[in-house]
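A.B. asks: Structure in structure tokens, see below.
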Amino acid sequence: MFNLSVVLEDGARAVPEKDCLVFGDLRLNYAVTDMIANQVANLLVSRGIRPGDRVALASPNLPYFPFVYFGALKAGAVVVPLNVLLTPREIAYHLEDSGARALLAFTGTPELPLGERSFEAFGQVDTCETYIDLPASPGATESAIEGAETLWKALEGQPGTFETVQAGPDDTAVIIYTSGTTGKPKGAELSHNNLMMNAVVSSSLVNPHPDGRDVALVVLPLFHIFGQTVMLNAALYRHATLVLMPRFEGGEALRLMEREGVTGFAGVPTMYWGLLNAVRSAGEERYDVKAIADNIVDAVSGGAALPAQLARDFEDTFGVGIKEGYGLSETSPVASFNNPAVQAKTGSIGKPVWGVEMKLIDPEWNEVVGAADEEPVGEIAVRGHLVMKGYHDRPEVNAEVMRDGWFRTGDIARRDDEGFYFIIDRSKDMIIRGGYNVYPREVEEVLMGHEAVSLAAVVGVPHDTHGEEVKAFVILKEGSSLTAEELAEWSRERLAAYKYPREIEFREGLPMTATGKILKRELRG
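If you use our numbering, the sequence shown corresponds to residues 207 to 731, in order.
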């Protein structure tokens, strides 16, 4: 019996005075962070929350997130993290689908009125009985939302100690909702064991800093499983200091890295692109790139395929190789890792992490082995301590994606003779042009190799005769000049005739999710 909240509680016992959370000028040590989480646990119990009840949490990367996350876990509740960009209709859906009995939501800002949207959704769901406002003003006892009470008012008189509810390893700790690219979002039920094991394994892959410092810049949204496991649970397990950044911006991230002596960074590829762009556009005199590079010992990428050119540019600038990991919400998330400190290959997602099996399968679940002289290609399936219990209340879907402990990911990959896996693309993103399969990532890699291209996204668009046509959306590097015809001709020389993009559209920016993934469904129109 144990509870995932031990990752915070152990730090409060072992290093109580060490900085745990840094946000702006606010610095909270482990003892204080754990004490506030205990108060939240007492509050939830006083409001009728019992072990197994669902508690929804809508907050960007603010101290509120760990306060409520671990407070709910301590009370034996199941945490339901919500994307802060959801509309009232979408929030209501998540509350109803998960059966949440309480919702704690950040008030927000004029640009992001999260509290108003959350409170509106709360009023639409009869089974959700408690709403707590996480106010924008620290310590505020009066809510800006009429009819709501603030966390600080609710915590008045609540004890700072709490006897944590001990859970079974297979009890659900968190329900993470998928993005819903196919149908409505589904809640992946992750157990205490799923998340604890993934935090421990993820932490084991981190390189120690020579002077023993461990400072993580938390830019990945904590409501997403990548940020939650790799930048919250794993970092706290190591007793690291977490520097919270609610919204990623390349220049501000570099300033925080310099100010706080950040040793570890994890992000999606577009965040690395943002860091490089900040350096390129401002010049090195604005940021002490050498000092930043001297501190960083770990740079991890995940959430989407990392373009090889982007990885090379980052290493040339900061002197550290990017470790590319792979996983999904359903796998807690880290399933494989490409670690330069051990053995790595450019463009690979590496090999399965400790305790995890991985194989390639066809649509009928048959393992793809491949002929003696060729690398096998198929859909990745994984098995091990990381695989979710299943989608909440979706038995028919679970039967489709889970079998004998294996989970089929929907990602197409190849495996080389040394056991390294290389993502080709998401099966749903594959373009079929004139009967030929085109994998967008391959085309994107080629386009990113052009000296004038900063970022590229490739999708399939309807075509009268070919079924689909290959279209590229491209952001050029600052000061570069290039026509669509020139780029198309350049790529035609490097790709098969059916692969190169006939349609190219230049843009200043690309639509992205809150986690920094490119929204290809919006590009398809």
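Positions of the beta carbon are idealized from the N, C-alpha and C atoms, including for glycine. Everything numeric in this text was worked out from a predicted model, so none of it was measured.
Out of A264, Y706, P416 and A690, point me to the one whose CA is closest to S697's CA.
C.D. replies: Y706
A.B. asks: Measure from the alpha carbon of T239 to the alpha carbon of each residue in G217, G467, E335 and L340, then state which is nearest.
C.D. replies: G217
A.B. asks: Is the distance from the Cβ of A446 to the Cβ of P475 below 8 Å?
C.D. replies: Judged by beta-carbon spacing, P475 lies beyond the 8 Å limit of A446, meaning their Cβ atoms are not closer than that value.
A.B. asks: Do V421 and T469 count as a contact pair if the criterion is CB distance below 8 Å?
C.D. replies: yes
A.B. asks: Leaving out five residues before and five after E651 in sequence, what residues of the same chain have Cβ atoms less than 8 Å from its Cβ?
C.D. replies: P513, A514, Q515 and G553
A.B. asks: Taking the CB atoms as reference points, tell me whether N267 and L450 lie closer together than 8 Å.
C.D. replies: yes
A.B. asks: Can you find the residues in the same chain that come closer than 7 Å, C-beta to C-beta, to Y443, ignoring five residues on each side of it along the sequence?
C.D. replies: Sequence-distant Cβ neighbours of Y443 in its own chain, meaning closer than 7 Å and more than five residues away, are V213, A405, V406 and S409.
A.B. asks: Along the chain, where does the alpha helix (DSSP H) that runs through P250 open and close?
C.D. replies: One detail in the question is off: residue 250 reads as Leu in this sequence, not Pro. Segment Y236 to S252, the alpha helix (DSSP H) holding L250.
A.B. asks: Sorted by chain position, which residues of the same chain lie with C-beta nearer than 8 Å to G305's C-beta, five sequence neighbours on each side aside?
C.D. replies: Here the set comprises R260 and T333.
A.B. asks: Quick one: residues in its chain with C-beta nearer than 7 Å to the C-beta of V425, no 5 flanking neighbours on either side, listed in chain order?
C.D. replies: Only residues of its own chain outside the window of five on either side were considered, and among them M451, F454, A459, G473 and M477 have a CB closer than 7 Å to the CB of V425, listed in chain order.
A.B. asks: Suppose contacts are defined by Cβ-Cβ distances below 8 Å. Is I381 in contact with V286 by that definition?
C.D. replies: Their beta carbons are under 8 Å apart, which means I381 touches V286 by this criterion.
A.B. asks: Could you tell me which residues DSSP pairs with M564 in its beta bridges?
C.D. replies: V588
A.B. asks: Candidates G457, A360, I255 and F520: which alpha carbon is nearest I242's?
C.D. replies: A360
A.B. asks: Using only alpha-carbon positions, find the residue among V221, V680, G556 and R620 that is nearest to M654.
C.D. replies: V680
A.B. asks: Tell me which same chain residues have a C-beta within less than 6 Å of the C-beta of F712, skipping the five on either side of it?
C.D. replies: By the criterion of a C-beta distance shorter than 6 Å, F712 is surrounded in its chain by V680, once the five residues flanking it on both sides are discounted.
A.B. asks: Figure out for me which residue from E714, K565 and N545 has the closest Cα to the Cα of G556.
C.D. replies: Residue nearest to G556 within the set E714, K565 and N545 is N545 (criterion: CA-CA distance).
A.B. asks: Should L309 and Y337 be called a contact, given that it needs their Cβ atoms to be closer than 8 Å?
C.D. replies: Yes.
A.B. asks: Which residue from L566, S397, V274 and Y275 puts its Cα closest to that of P375?
C.D. replies: S397
A.B. asks: CB-CB under 7 Å to G467, same chain, minus the five flanking residues each way: which ones, in chain order?
C.D. replies: R419, V421 and N501
A.B. asks: What is the rounded straight-line gap between the Cα of K726 and the Cα of G525?
C.D. replies: 31 Å
A.B. asks: Mind checking who F628 pairs with in its DSSP beta bridge?
C.D. replies: Note: F628 sits in a beta bridge opposite R620.
A.B. asks: How about A403 and G533: do their beta carbons lie closer than 8 Å?
C.D. replies: The sequence given here has Met at residue 403, not Ala. No.
A.B. asks: So F276 is in the alpha helix (DSSP H); what residue range does that whole segment cover?
C.D. replies: Y270 to K280
A.B. asks: According to the Cβ coordinates, are D225 and R219 closer than 8 Å?
C.D. replies: Result no, Cβ atoms of D225 and R219 do not sit closer than 8 Å.
A.B. asks: Return the CA-CA distance between G755 and I637, expressed in angstroms with no decimal places.
C.D. replies: For residue 755 there is no data in the structure shown, the boundaries of the chain being 207 and 731.
A.B. asks: Output yes or no for whether 8 Å exceeds the beta carbon distance between E709 and V667.
C.D. replies: For E709 and V667, yes; Cβs fall inside 8 Å.
A.B. asks: Hey, quick one: how far does the beta strand (DSSP E) through Y383 stretch, first residue to last?
C.D. replies: T378 to Y383
A.B. asks: Would a C-beta distance cut-off of 8 Å place K280 and N209 closer than the cut-off?
C.D. replies: yes
A.B. asks: Just the C-alpha distance for L482 and V495, rounded to the nearest angstrom, thanks.
C.D. replies: 11 Å
A.B. asks: Between E536 and S507, is the Cβ-Cβ spacing less than 8 Å?
C.D. replies: no
A.B. asks: Helix or strand or just coil, what does DSSP make of V649?
C.D. replies: DSSP places V649 in the helix class (H, G or I) of the three-state scheme.
A.B. asks: Would A379 and V503 be called neighbours here (beta carbons separated by less than 8 Å)?
C.D. replies: No, the pair does not count as a contact, with Cβ atoms beyond the cut-off.
A.B. asks: Helix, strand or coil for T537, going by three-state DSSP, please let me know.
C.D. replies: helix
A.B. asks: As a quick exercise: from A298, R307 and I351, pick the residue whose alpha carbon is nearest that of G314.
C.D. replies: I351
A.B. asks: To the nearest angstrom, how far is the alpha carbon of G611 from that of H598?
C.D. replies: 17 Å
A.B. asks: Between the C-alpha atoms of G230 and A499, what's the straight-line distance to the nearest angstrom?
C.D. replies: Taking the Cα positions, G230 is about 22 Å away from A499.
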